[in-house]
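Here is the structure we will look at.
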Amino acid sequence: MNQKSILERFTDILKETKFLIQNNSISVYRFQEEQDPNDFVFPWKSKVPESIEIQKKQQKENQRNNRDLVNFSCTLCQGKLSGVRQFLHKGRKPVLVLHYSGATGPKEKPFTKTKPNQIFKDKLTELSWGELVQKVFGFSFEEFYYQEYPACNFSNTDSKEIDWQSRVENCKFHVKETVEEFGIKAIVILGSSAKLLFGAEKAKEFLGKQTTWDLSGLSIPIVTTRSPEALVFLGEKAKKTDSESNLFQYGKEKQELEESFISHLSLVKPYL
1 MNQKSILERF TDILKETKFL IQNNSISVYR FQEEQDPNDF VFPWKSKVPE SIEIQKKQQK
61 ENQRNNRDLV NFSCTLCQGK LSGVRQFLHK GRKPVLVLHY SGATGPKEKP FTKTKPNQIF
121 KDKLTELSWG ELVQKVFGFS FEEFYYQEYP ACNFSNTDSK EIDWQSRVEN CKFHVKETVE
181 EFGIKAIVIL GSSAKLLFGA EKAKEFLGKQ TTWDLSGLSI PIVTTRSPEA LVFLGEKAKK
241 TDSESNLFQY GKEKQELEES FISHLSLVKP YL
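Numbering (full-length UniProt numbering), first residue to last: 1 to 272.
Below, the structure is given as structure tokens:
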């Protein structure tokens, strides 16, 4: 093929190329054994529903991560001073322990948690409770879920009984959320929270008993027991006494109290 023939052939190719470009029909170069690109099928499926579902999952995950702060933005109760810090401790066993570190009476001092992952007011209460849980269940007390009930701080001098009744009723909303989200099977309610929920007389009547609690249509077993602060109180009284008879009496009372705790906590064993 001489130079003239080559140029003529090149001219023909350019003309064909111009035609193909104008008609948007440029063929893709392929080897003989390859499938024609025009024979490939690329089915299209709308991603909108999936995207919405992903957004919902992400929103739920964000809510889960922000559960520790949900009480700060809560507006269910009047007279709220602040949310209780670290109001929810997440464990691994399906038992939720309800307690309250806030002040409910004029003789009590307002309290604020200052340490990371703090549950109770002081280390002695934590140690006493930890020993009880270890004796009954054989694992750390931190394996349980803990929630402040109610979840916020209020005036301990201006609040009346009817105010507290309204608050614990409203706060069932947060308890129910925890129960449903983490698959809680049973609840243990400690002294201060039990008094606010049931009243002092009913709380004594329910002490050491398993009853059923209605959380706005959701029924769940609940066991009432005293606050572990009672053990700390007896221990402190024993340290201050100079009388051997009083020391013996305090020791006896503490032992009886520990035995009652063990008996009460044993009621939730079937739910683990």
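Where is the CB? At the ideal position from N, CA and C, for every residue including glycine.
Residues of its chain near residue i, where Cβ-Cβ distance is below 6 Å and the 5 sequence neighbours each way are ignored
i           : result
residue 76  : 170
residue 208 : 264
residue 133 : 141
Range of the contiguous beta strand (DSSP E) that encloses residue i
i           : result
residue 219 : 218 to 224
residue 148 : 145 to 148
residue 189 : 186 to 189
residue 80  : 80 to 83
residue 211 : 210 to 215
Secondary structure of residue i, DSSP reduced to three states
i           : result
residue 233 : helix
residue 91  : coil
residue 196 : helix
residue 265 : helix
residue 168 : helix
residue 7   : helix
residue 257 : helix
residue 14  : helix
residue 76  : coil
residue 69  : helix
Residue span of the alpha helix (DSSP H) that contains residue i, given as start and end
i           : result
residue 137 : 123 to 137
residue 158 : Careful: residue 158 lies outside any alpha helix (DSSP H) and carries neither H nor E.
residue 177 : 172 to 182
Beta-carbon contacts of residue i that lie in its chain and below 8 Å, excluding the five residues immediately before and after
i           : result
residue 206 : 194, 198 and 224
residue 120 : 99, 101, 126, 129, 228 and 229
residue 92  : 143
Test: residue i CB closer than 8 Å to a CB of chain C
i         : result
residue 9 : Absent from the structure: chain C. Only one protein chain is present.
Are there three or more Cβ pairs, one per stretch, closer than 8 Å when the region 211 to 231 is compared with the region 188 to 198? yes
Take every Cβ of the region 162 to 179, pair it with every Cβ of the region 67 to 84, and state whether three or more of those distances are shorter than 8 Å. yes
Contact between the region 147 to 157 and the region 81 to 96 is defined here as three or more beta-carbon pairs at a separation below 8 Å; is this criterion met? yes
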